[in-house]
Each structure stands twice: as C-alpha cells, then as structure tokens.
Amino acid sequence: MTRTLVNVPKTARRGDVVEIRAMIAHPMETGYRNGPDGAAIPRRIIHRFTCTYGGEEVFAADFHPAVGANPYVAFSTVAIESSTLTFTWIEDGGAVHAATAEIAVD
Amino acid sequence: MPHRPISERRPMPSGVPSSLPRRGVLALGAASLLVLSRPRAALARPSLEAALAAFTGGAPVHDGRVRLDIPPLVENGNAVGVTVSVDSPMAASDHVTRIALFNEKNPQAEVAVFHLGPRAGQARVATRIRLATSQTVLAVAQMSDGTFWASRASVIVTLAACIEDLT
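Residue numbers (my numbering), protein chains in the order written: chain A, 120 to 225; chain B, 1183 to 1349.
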C-alpha cells in the first residue's frame, strides 16, 4: 500500500472555502533516466488525480513526468455538507491508490 | 633595390619556422574542439507552441488574470514549488475550468493540467514540478466562457532535474 497523506479541515462552516492538500509517496519515474547498467528506466508515473466530495468530482489533475516525485497538490473547495472526500491516484498501468477524509460542516 | 644575399638575412629562431601559421593551426584546433564538444541538440520534442495549441485548440491566449508564483532562482530543479491563482469569481456562470502548466526546455512541454469548477470556491492550485534547466514556465487558465489567459515567469535552475542518471 502506497503511503498517502491528505490534509482536510475536520470542521468547517457552511460556505467556507477550505484548502485541501494531498500527497502520495511515488517516485514519478520520468522515463528519461538511465539505470546503473545504462538501460533506460521505463516511465512509471501517477498520471491522474481526482478528488470527489459527497460523490461529486470537485477537482482533478493530469500529471506529466515534469511533476516532481511524491506528487503534491493543493487546491480548495467550498464546504457544503458533512461528507466524505475521496482521493484517487491512478498510476501508469492502471494501479489505483485511494485515501478518504471526513469533513463536518455546520 | 638589390637583394641581400640569403646568408645575411637574420635566421629564424630554431624550431619555430613561423609563428603565424602555428597560431592559425592552434586556433583551428580550438575551434574544431568547440564544435565537437557542443552538446548534442536536445531530442526533438513538441514545442511549447504546439503543446499550447493542443490545450487551447488554437484559440487566442490573452495576457493577464493569471498569477504564477514560482521562485526566480531555484537550487534544486527536482522540486520547484509553483502556485497558480486566477482572478475569477468562481461562480456557476463565470469560473475557471482548467489550469495548465507548460515549460520551455524540459523533455516534454506539458507539466500538469488541473480541472476545476465552481465548487472550488477560489481558483488557486499549488504543486511541485521538475525543471531540467533554466527556462520559462507558462501558466494558462481556461474560463467557462471559453477564453484563455496566461502568465509566464522565468526561472534560473542551478541543479537540473530529469537528466541525471544513476551511474
């Protein structure tokens, strides 16, 4: 299981803009490097990140190899209801990593 | 004017027949070395313009409304913090739909594309990118009315990313 780290405020007032930060431990191998034996290391990156809030997608990102290792992204959303935020990272080859966080809105 | 006999001419210093051709040869050698040691031209990559056109679909890109925060001088090109904010009310009728980051000299022109909507509340995203060398970074935002706005910043990189190998 790849290590993920998400930062969502535990509580918020309805209508607040809350900042969300998400990171995943991943080498983001660019495909432009050579290994110790001189052979090219194949590309393996997280190419897609999505965040859903109460089942609706509120943010997504397409990554290219120029995104740094352990891809980090910070964005924002409006707190509209107490619900679950689901974070998904999709790797080259189709492996999916996920994380969730709860937010209480009053 | 009568010529002096050859024996009366001053002899050239031994071992140096003439300094001018020698300098010429040295200069030629140095020039050819420069030519040989010039780094191989970067592998063909889609240009920034081509990548931008693929993103905008050929629509005109205006300057303004986008703020690109990136340090002007970075020590390590492997992780350069970037923040893009766009001047937009983020209402259902007027919001940012996409923000794209491009670079000028990495092996690929695209860096990332962020998809936003009115539920974002504010048009502001941050991430960390790789820069292979000192170059210009371009941020482009697409609005819900279909217009594109851009901002660019030049960055000096002292330790490059992407091109190091593990040997």
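A virtual CB, placed ideally from N, CA and C, is assigned to each residue, including glycine.
For a cutoff of 8 Å on Cβ pairs, would you count residue i as touching chain A?
{"i": "L1234/B", "result": "no"}
{"i": "L1320/B", "result": "no"}
{"i": "P1228/B", "result": "no"}
{"i": "E1292/B", "result": "yes"}
{"i": "A1302/B", "result": "yes"}
{"i": "A1241/B", "result": "no"}
{"i": "I1311/B", "result": "yes"}
{"i": "A1308/B", "result": "yes"}
Excluding the 5 residues preceding and the 5 following residue i in the sequence, name in chain order all residues of the same chain whose CB lies nearer than 6 Å to its CB.
{"i": "T219/A", "result": "T203, T205"}
{"i": "T1279/B", "result": "Q1324, S1326"}
{"i": "G154/A", "result": "I160"}
{"i": "V1266/B", "result": "L1250, I1281, V1307, A1321"}
How is the beta strand (DSSP E) around residue i delimited, first residue to last?
{"i": "L1320/B", "result": "1317 to 1325"}
{"i": "A1294/B", "result": "1292 to 1297"}
{"i": "E176/A", "result": "175 to 182"}
{"i": "N153/A", "result": "First-last for N153/A: undefined, no H or E at that position."}
{"i": "V1243/B", "result": "1243 to 1245"}
{"i": "R167/A", "result": "165 to 172"}
Quick one, which of the options has its alpha-carbon nearest residue i's?
{"i": "P161/A", "options": "A179/A, T169/A, R152/A", "result": "R152/A"}
{"i": "T123/A", "options": "V136/A, V215/A, Y172/A", "result": "V215/A"}
{"i": "A1233/B", "options": "A1342/B, R1310/B, V1307/B, V1295/B", "result": "V1295/B"}
{"i": "I222/A", "options": "I165/A, G150/A, Y172/A", "result": "Y172/A"}
Between which two residues does the alpha helix (DSSP H) containing residue i stretch?
{"i": "A1235/B", "result": "1230 to 1238"}
Any Cβ of chain B within less than 8 Å of the Cβ of residue i?
{"i": "G187/A", "result": "yes"}
{"i": "F179/A", "result": "According to the sequence displayed, residue 179/A carries Ala and not Phe. Chain B, which has a Cβ nearer than 8 Å to the Cβ of A179/A, makes this yes."}
{"i": "V125/A", "result": "no"}
{"i": "F206/A", "result": "no"}
{"i": "V197/A", "result": "yes"}
Given residue i, which residues of its chain have a CB within under 7 Å of its CB, disregarding the five upstream and five downstream residues?
{"i": "N1285/B", "result": "A1291, V1293, L1313, Q1317, V1319"}
Output, in chain order, the set of chain B residues within a Cβ distance shorter than 8 Å of residue i.
{"i": "H243/A", "result": "What the structure shows of chain A is the stretch from 120 to 225, and residue 243/A is not part of that stretch, so it cannot be assessed."}
Skipping 5 residues on each side, what residues in its chain have a beta carbon closer than 8 Å to that of residue i?
{"i": "D1245/B", "result": "W1331, A1332, S1333"}
Listing by chain order, which chain A residues have their CB less than 8 Å from the CB of residue i?
{"i": "L1298/B", "result": "F178, F194"}
Check the Cβ of residue i against every Cβ in chain B and list those closer than 9 Å, keeping chain order.
{"i": "V224/A", "result": "Ordered by position in chain B, no residue passes the 9 Å Cβ test against V224/A, which lies about 13 Å from the chain."}
So which residues on chain B does residue i lean against when the C-beta distance must stay under 7 Å?
{"i": "V136/A", "result": "G1303, Q1304"}
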